[in-house]
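Undergrad:
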Amino acid sequence: MLLGVNFPSATFGDQNVPGTFGTDYTYPTHQDIDYFASKGMDVIRLGFEAERVQPNTNGPLDPAELARMDDIVNYAASKGIDVVLDMHDYGTVHNMLVGTSDAANAAFADVWGKLASHFADNSNVIFGLMNEPNQQSASDWIGGANAAIAAIRQAGATQEVLVPGSYWDGAASWTTSDNAAVVGTQVHDPLHNYAFEVHNYLDSDGSGTHANVVSDTIGVERLTAVTQWAEATGNKLFLGEFGVASDPTSLKAMDNMLSYMQQHSDVWQGGTYWAAGPWWGNYMFSVEPENGVDQPQMAVLNRYTDGATHSASGTGGTQAASSTTATNSTPATDPGDNQTAATSSSSDTNSAPATNSSTATGTGQDSSSDTHHNHGAALHQNNTNAINNAVTVLGNDAHAASAADPGSAPSFTHHQFGHFTHHFEHVWG
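At position 29 of the sequence shown (counting the first as 1) the number is 39 in this note's numbering, and the numbers step up by one without a gap.
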């Protein structure tokens with residue numbers, strides 16, 4: 011089972027797109043990758059913004075942004091680590107809602123076709139179609155997803171594609187919404203090389219904005235139905251986001267959940283923990299080491315890695331890409347194959363912190379509402395109480411709005427929560 015982390019810092023500052031590299035957003039460093047390679051992790055989920063890699067609708071890809079992505083992909087490959095290219099745009103592309111118009115679907119297919127052409131020879135790349143679509147129906151979303159898959163295959167790329175559902179892509183709601191019936195049966199991939207991506211947070215509303223989890227069994231409970239569905243239908247699953255704080259109950263809940271996934275590795279290909287990388291500061295879910303000391307969550311994650319075989323100083327174990335090949339057997343779903351080699355590079359610098367926001371939020375325990383993404387940036391030590399009070403008010407407003415109208419997209423989400431606190435550190439620090 012693949013296990014790794016999310017590196018979402020290239021999605022920071024998304025209220026200012028494309029923004030300025032090193033000020034609004036950044037990429038992880040080689041040192042970040044070295045650390046997680048030394049822990050035996052074999053996959054990273056690299057968030058990016060479509061409008062940064064392709065500033066104009068249907069236009070060329072930005073060479074500087076591509077070079078930054080190349081650098082991460084190639085360096086990760088040298089450590090035997092897969093990279094999920096995660097378009098972190100919540101179901102939109104160039105301000106259009108994917109699946110709701112021909113123009114939106116064409117734009118979505120265009121950017122993915124060009125990215126697939128560029129990365130077609132990188133065997134360690136996995137294409138993560140979209141982070142947490144939420145405003146469109148499952149029926150609308152799958153039309154856009156299939157347009158992107160067609161473009162990826164037409165570009166000659168054979169690597170695996172991760173297909174999320176709509177409605178925030180919560181694991182717990184996969185079978186209670188129409189994601190299972192629609193997205194789960196209508197993917198069209200000529201290579202049958204895909205898996206379904208879901209997210210799972212363990213707090214009371216599944217938003218990833220609270221430190222406390224419901225119980226030490228809640229992670230297993232929220233994965234059980236989708237796991238049983240995948241086993242019954244011959245589908246494959248990938249847990250794109252999960253994260254917990256460092257208290258004993260939270261750590262036990264994550265341990266139980268990962269153990270359950272390992273026991274069901276016939277359907278679970280793996281998962282990526284939220285979150286890691288630069289500019290997170292004191293975010294409660296961060297697994298970035300502090301002054302060379304591992305975060306408590308790392309001890310649990312290490313139980314499910316491959317034993318730290320990916321050397322931080324050499325080229326690690328086997329290319330993990332081949333192990334992500336899906337083997338979906340039902341006619342409605344699929345699996346497949348991989349690839350080889352790499353492209354050029356660029357060094358990234360982690361300078362000034364970024365501020366950020368991102369419109370998304372959750373709708374109960376199943377919705378990994380995007381409040382945790384902005385939850386993550388640093389809580390400045392001298393201002394923790396003030397920040398927490400402000401965040402609590404905003405977070406409660408978002409959850410109330412979400413409960414009142416589950417189809418809505420409240421403006422304060424779990425990803426925003428971290429960048430909001432990060433902004434306070436930047437201003438007050």
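Glycine included, each C-beta is placed from N, C-alpha and C at the ideal position.
Confirm, please, whether the CB-CB distance from residue 223 to residue 260 is below 8 Å.
TA: Against a cut-off of 8 Å, the Cβ pair of residue 223 and residue 260 comes out as a contact.
Undergrad: With DSSP as the reference, identify every bridge partner of residue 102, one or two as the case may be.
TA: Answer is 107, bridged to residue 102.
Undergrad: Tell me, please, which residues DSSP counts as bridged to residue 205.
TA: 172.
Undergrad: Using beta-carbon positions only, say whether residue 136 and residue 92 come within less than 8 Å of one another.
TA: Yes, Cβ-Cβ distance for residue 136 and residue 92 is below 8 Å.
Undergrad: Using the Cβ count rule (16 or more neighbours within 10 Å means buried), how would you classify residue 349?
TA: Its pLDDT being 29, under 50, residue 349 is placed unreliably in this model, and the value from its coordinates should be taken loosely. Per the 10 Å Cβ criterion, buried.
Undergrad: If you follow the alpha helix (DSSP H) that residue 230 is in, where does it begin and where does it stop?
TA: Residues 228-243.
Undergrad: Taking its Cβ as the centre, do 16 or more other Cβ atoms sit within 10 Å of residue 275, making it buried, or is it exposed?
TA: Exposed, since its Cβ has fewer than 16 Cβ neighbours within 10 Å.
Undergrad: Spell out a yes or no on whether the stretch 21-29 and the stretch 55-72 are touching, meaning 3 or more CB-CB pairs, one atom from each, closer than 8 Å.
TA: At 8 Å Cβ cutoff, the stretches touch.
Undergrad: Could you tell me whether the Cβ atoms of residue 40 and residue 67 are closer together than 8 Å?
TA: It is not a contact, given that the beta carbons lie outside the stated cut-off.
Undergrad: What does DSSP give as the partner residue(s) for residue 280 in the beta ladder?
TA: Its beta-bridge partners are 12, 248.
Undergrad: Once DSSP output is grouped into helix, strand and coil, what is the label at residue 46?
TA: In this structure, residue 46 counts as helix in the three-state DSSP scheme.
Undergrad: Under a three-way DSSP split, which group does residue 69 fall into?
TA: Correct three-state label for residue 69: coil.
Undergrad: Just the C-alpha distance for residue 122 and residue 143, rounded to the nearest angstrom, thanks.
TA: One C-alpha to the other measures close to 16 Å.
Undergrad: Candidates 171, 99, 267, 15: which alpha carbon is nearest residue 233's?
TA: Of the candidates 171, 99, 267, 15, the one whose C-alpha sits nearest the C-alpha of residue 233 is 267.
Undergrad: Write down the C-beta distance between residue 281 and residue 107 rounded to the nearest angstrom, noting that I regard them as a contact closer than 8 Å.
TA: At roughly 27 Å, the Cβ-Cβ gap does not stay under 8 Å, so residue 281 and residue 107 are not in contact.
Undergrad: DSSP beta-bridge partners for residue 135?
TA: According to DSSP, which records beta bridges pairwise, residue 135 is partnered with 93.
Undergrad: For residue 79 and residue 141, which I take to be in contact (beta-carbon distance under 8 Å), what is that distance rounded to the nearest angstrom?
TA: Actually they are not in contact, since the Cβ atoms of residue 79 and residue 141 sit about 16 Å apart, beyond 8 Å.
Undergrad: Locate the beta strand (DSSP E) running through residue 56, then write down its first and last residues.
TA: Per DSSP, residue 56 belongs to the beta strand (DSSP E) from 53-58.
Undergrad: Where does residue 270 fall in DSSP's three states?
TA: Here residue 270 sits in helix by DSSP.
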